[in-house]
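This report refers to the structure that appears directly beneath it.
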RNA sequence: GCGGAUGUGGCGAAAUUGGUAGACGCACUAGACUUAGGAUCUAGCGCUGCGAGGCAUGGGGGUUCGAGUCCCUCCAUCCGCACCA
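This is the structure:
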């Protein structure tokens, strides 16, 4: 072969790897293990674009690197194949989502294989396959039969809770449970009916049914999770979303709040990612305080982080959704309150968000007593109070809280300063509510804020009017969607009591239905299934949300074919934990959070060996598209070039980036692109039509999608891989551009020419390497190893380029040198290195080679060229032996004539010699 | 508003613990070889100046013999959260 024929080479090796199962991971290996994982994709109809493989290439480099470093590597791929788009498509066309999904996956696999990933395809999982969701359902059942014991601080089987109830009721039980759980004795428990017992236990189960306010999307006919609602409309489709009370399956993730928070300190994740999760959990320290309602037998409890300001409370405000509002409203205020509550409830999420600045509220007519000073203060309803956080009741301290201040000013409520520097009437800029010492605050006067808080809590606890409390922002997760294309929930209802199916009867397969829409009576699509029952009882009609299957798939890869367990014990112990997880930062509060939750739960049950599923996480940045535009003069079929467009009234239109080269439009191709442009005319600048450009998300509708197959056709997979790495730091967001891909392609051809000249003559010899060649090689081995360990892939590509340039200008032909270079390069460019490695006479794949050990002795220099700086300016360069003492260097520097010239006869104040770095002369 | 990230040539970017800023690649310029070149090779390429030199890492200030790197401050862009008491 005289030319670098990447097409032939790549298809040959991809076939060989597949046939010989080169990358099959071994579950019975004595080697150390390494688990490198990509976030598996949702297979969309559009196929892969060049942005998808970015993270996959990085993890593949690491997987291949670890293999030649002697690890047994698990590097799997699969598909998150339940999801809304396939279902939407089914609703429009009637095609079963399973068919759509399978077609898309087939296409994804084809595309992935062309890039030459070293996946162990024998472990492929799809979340929509019954043999997979069997175990998703099984985990759901385990959650249902568990509760969270705050004493042992872990999840336990529900039986241990029932025993406690039987022995002594629930008063001594410390558990994560619903807020409204009433207390009962052992006798009460025994007297309860089946239904009552079931209802009680639901308040403790880790997955439970509850009436909650949900985000209901009428257009999609389903509830949505908070993170699926963006700006008051659905993330997918952009349909309006409203608040609605519905009975839903929930996951008691809040039980794990503290451990999910603490666990962050034990894992190697990007700090911004941890911060997002910390913020999502939203832990705050504070206290609850009781406010007795005047003339009523009601006490309202508030949560506050600033008990120290209690003397400054001038009113108490309550959320419009609060259950006690009717009881708390006086006859005189009844009409006003009802009107306000109705209006507040009907306000959509979107209105509320776009309108955070307006204050609104209404007086209830009731008063409460400030527990610190016994003063009577009014009780207001205000929609800035959230029903779902804390107790839904807030003590308002206008002098120290921005919102309370606004509200008090608006409704002319009194304001009492409780700290030095507090504002009482006008808004002061630079107001720090934690700075001043306490005033007007009885026993707290003169204290600084932290001490005042401690003293106030102590006071409240002693008086029995309140206590310290830790509050989290995080809410329990809704675990049901009224959709078809998801895991059926393995629950049936016997006399209205929810029960889980027997494990031996799993999986509960998705039934066939004739249409994928909700039923006429508003039931989910599963309501259309015939005989959808279990033991004669009706089954749950909701399905699981999208994150169910993805919350544990990393465990299934360890033992994907196991039919008796979600993962075999031995396999789980061996693979243990994902060593490196690469994926997008957009999953911070979704997938990554839920996966940690499920894994921690399984850990409590002794089913997995590590509490945290992902030891190290890297976020790859998104590759954006670069769109091109043409400018059509309004009302004509004339197009004007970029610089001249301001002289006309024009409309910018996206143009297919494939008919634009370096922003110059191929006008002939443009005329053929779409029929209505057949007769297009152009106003050119300097004989060219120049297009405008913009960086946007890659999408079909913007005609800016670059397909990896096209790059593979033109330059080959090895070039694609190296170029994507060369583009810049992995974490960075960057627009796709092929400017520069030639440089990478040239590099690979240059590498090829080290082995074969233009006539196809094999150049490699058994000649002993020269010291210079060894130095170049070993510098490269060391640098690339360091780069991979710190995930700086872009600099490695540069290192390889320098190495090949230098070897080629030395006309290096040494087999020893070239072979070691190939091994080091193989994770980046697996096909070409595999081919060349074979031409050196190897029968085994290069992935079985060992990463060469770099040796300092080849790199050691005898001399170092010192830059000499005078007063911080570089003025000369002088060579000195590596181990020369600083004092000798000093003397010789002063004797140097160039230095003398710059010194102009003056004696230096001091001379700083940094060995093997620099000599600095200070005048 | 709160939290986070980023800012270096015409462009993508390097600079790992403060030590010759701009490695490597693209684009560009000149030359060589060639019937030709979207091939290959050689050289040049931050700005400014004829030159010695001077000026340059978003702006301003500081620490240091020495700052892209550390500290203060301001600005711009992007991302996440957003009435969380």
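In the working numbering, the protein residues as written are 7 to 929. For glycine and all other residues, C-beta sits at the position ideal for the given N, C-alpha and C. Model, not experiment: these values are computed from the prediction.
Around the beta carbon of residue 923, fewer than 16 other beta carbons sit within 10 angstroms, so the residue counts as exposed.
In the structure shown, residue 495 falls within a coil segment according to DSSP collapsed to helix, strand and coil. Per DSSP, reduced to three states, the secondary structure at residue 766 is coil, with no helix or strand assignment. The Cβ-Cβ distance between residue 461 and residue 467 does not fall below 8 Å. When DSSP reads this structure, residue 671 sits in a beta bridge with 666. Contact between the region 477 to 493 and the region 85 to 97 is present: three or more C-beta pairs spanning the two stretches fall below 8 Å. The beta carbon of residue 463 sits closer than 8 Å to those of 293, 313, 472, 473, 474, all from its chain and outside the five residues before and after it, given in chain order.
In this structure, residue 829 places its C-beta atom within 8 Å of the C-beta atom of residue 857. In the same chain as residue 139, and ignoring 5 residues on each side of it, the C-beta atoms closer than 7 Å to its own belong to 133, 493, 513, 555, in chain order. Contact between residue 440 and residue 455 holds, with the beta-carbon distance rounding to 5 Å and staying under 8 Å. Taking C-beta atoms under 8 Å as the contact rule, residue 297 and residue 305 qualify, at a distance of about 7 Å. In this structure, 55 is the residue among 55, 167, 869 with its C-alpha nearest to the C-alpha of residue 115.
If you draw a straight line from the Cα of residue 247 to the Cα of residue 552, it is about 18 Å long.
In the three-state scheme derived from DSSP, where H, G and I count as helix and E and B as strand, residue 413 is classed as helix. Exclusion of the five residues before and after residue 15 leaves 837, 838, 841 as the residues of its chain whose Cβ lies within less than 7 Å of its Cβ. In the three-state scheme derived from DSSP, where H, G and I count as helix and E and B as strand, residue 927 is classed as strand.
In summary, residue 617 is buried, with 16 or more beta-carbon neighbours lying within 10 Å of its beta-carbon over all protein chains present.
When C-alpha distances from residue 519 are compared across 550, 507, 533, the shortest belongs to 533. For residue 163, the three-state secondary structure derived from DSSP is strand. Spanning the alpha carbons of residue 751 and residue 43 requires a straight line of approximately 28 Å. By the neighbour-count criterion, in which a residue is buried when 16 or more other Cβ atoms sit within 10 angstroms of its Cβ, residue 414 is buried. Cβ-Cβ distances below 8 Å link residue 274 to 621, 622, 623 in the same chain, with the five nearest sequence neighbours on each side left out; the list follows chain order. Contact check for residue 321 against residue 383 passes: the beta carbons are separated by less than 8 Å.
Bridge partners of residue 740 according to DSSP: 629.
Per the coordinates, the alpha-carbon of residue 820 lies some 16 Å from the alpha-carbon of residue 786.
A distance below 6 Å between beta-carbons, with the five flanking residues on each side excluded, links residue 803 to the following residues of its chain, in chain order: 728, 731, 732. In the DSSP assignment, residue 94 falls within the alpha helix (DSSP H) that extends over 90 to 99. The beta carbon of residue 68 lies closer than 7 Å to those of 42, 586, 794 in the same chain, with the five residues before and after it left out. Cβ contact annotation for residue 191 (same chain, cutoff 7 Å, sequence separation greater than five): 175, in chain order.
CA-to-CA, the gap between residue 548 and residue 13 works out to about 49 Å. The C-beta of residue 373 has 16 or more other C-beta atoms within 10 Å across all chains shown, which makes the residue buried. Within the region 125 to 202, the complete alpha helix (DSSP H) segments at least 4 residues long are 136 to 150, 164 to 174, 192 to 197, listed from N- to C-terminus. With contact defined as three or more Cβ pairs closer than 8 Å, the region 340 to 354 and the region 493 to 511 are not in contact. Along the region 593 to 645, the alpha helix (DSSP H) occurs as fully enclosed runs of 4 or more residues at 597 to 610, listed in sequence order.
Within a 10 Å sphere around the beta-carbon of residue 779 sit 16 or more other beta-carbons, which makes this residue buried. Linking residue 207 to residue 334 through their CA atoms gives a straight-line distance of about 31 Å.
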